[in-house]
Amino acid sequence: MKKTLVLGASENPQRYAYLAVEKLKAHGHPVIAVSLKAGNINGTEIHAGQKHFDGVDTVTLYVGTANQPSWYDYILSLNPKRIIFNPGTENAVFEKMANEKGIETTEACTLVMLSVGNY
Numbered sequence: 001m002k003k004t005l006v007l008g009a010s011e012n013p014q015r016y017a018y019l020a021v022e023k024l025k026a027h028g029h030p031v032i033a034v035s036l037k038a039g040n041i042n043g044t045e046i047h048a049g050q051k052h053f054d055g056v057d058t059v060t061l062y063v064g065t066a067n068q069p070s071w072y073d074y075i076l077s078l079n080p081k082r083i084i085f086n087p088g089t090e091n092a093v094f095e096k097m098a099n100e101k102g103i104e105t106t107e108a109c110t111l112v113m114l115s116v117g118n119y
């Protein structure tokens, strides 16, 4: 199982980040939800701000490209094995930064990856 940090988590069940938290849990992956605003998704705490977590395998992004720069150092400090750039979050500059640190980057949809079994 891959400990996954969902960046841009939301309490709104209409948001893809909400669905990602739920689907990751349903597939047995430990989930850390992070956003600008604290909250809760069916028992999963949404942590506000840039709290450090150990052992993060994957960061899945639900933060648009324009809002990502303030998160760069935080994400890189987690030293994840990979970063998933979900549709609408693609960012060649940040992907290059991550790759230079040895972090795998993928432009894909977390929900689809889980559905087809290649997460």
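All residue numbers for the sequence shown refer to our numbering, where the first residue is 1 and numbers rise by one. Think of the CB as a built atom: it goes at the ideal place given N, C-alpha and C, for glycine as much as any other residue.
Taking all protein chains shown into account, do 16 or more other C-beta atoms lie within 10 angstroms of the C-beta of residue i, making it buried, or fewer, making it exposed?
{"i": "A9", "result": "buried"}
{"i": "A17", "result": "buried"}
{"i": "S35", "result": "buried"}
{"i": "A98", "result": "buried"}
{"i": "A48", "result": "exposed"}
{"i": "P80", "result": "buried"}
{"i": "V93", "result": "exposed"}
Who does residue i pair with in a DSSP beta bridge?
{"i": "A48", "result": "S35"}
{"i": "T58", "result": "T4, R82"}
{"i": "T106", "result": "I84"}
{"i": "I75", "result": "Bridge partners of I75: none, in fact."}
{"i": "N67", "result": "Answer is none; N67 lacks a bridge partner."}
For the alpha helix (DSSP H) containing residue i, list its first residue and its last residue.
{"i": "L111", "result": "110-116"}
{"i": "F94", "result": "92-100"}
{"i": "Y18", "result": "16-26"}
Could you pull out every residue in the same chain whose Cβ sits closer than 8 Å to the Cβ of residue i, ignoring the five residues on either side in sequence?
{"i": "D177", "result": "With the chain covering only 1 through 119, there is no way to say anything about residue 177."}
Could you pull out every residue in the same chain whose Cβ sits closer than 7 Å to the Cβ of residue i, ignoring the five residues on either side in sequence?
{"i": "V31", "result": "T4, V6, V21, L24, K25, T44"}
{"i": "E107", "result": "F85, E90"}
In chain order, what residues of the same chain have a beta carbon less than 6 Å from the beta carbon of residue i, not counting five sequence neighbours either side?
{"i": "Y119", "result": "M113"}
Legend entry - At least 3 beta-carbon pairs within less than 8 Å: the segment 58-69 vs the segment 85-95: Judged by Cβ distances under 8 Å, the segment 58-69 makes contact with the segment 85-95, as three or more pairs qualify.
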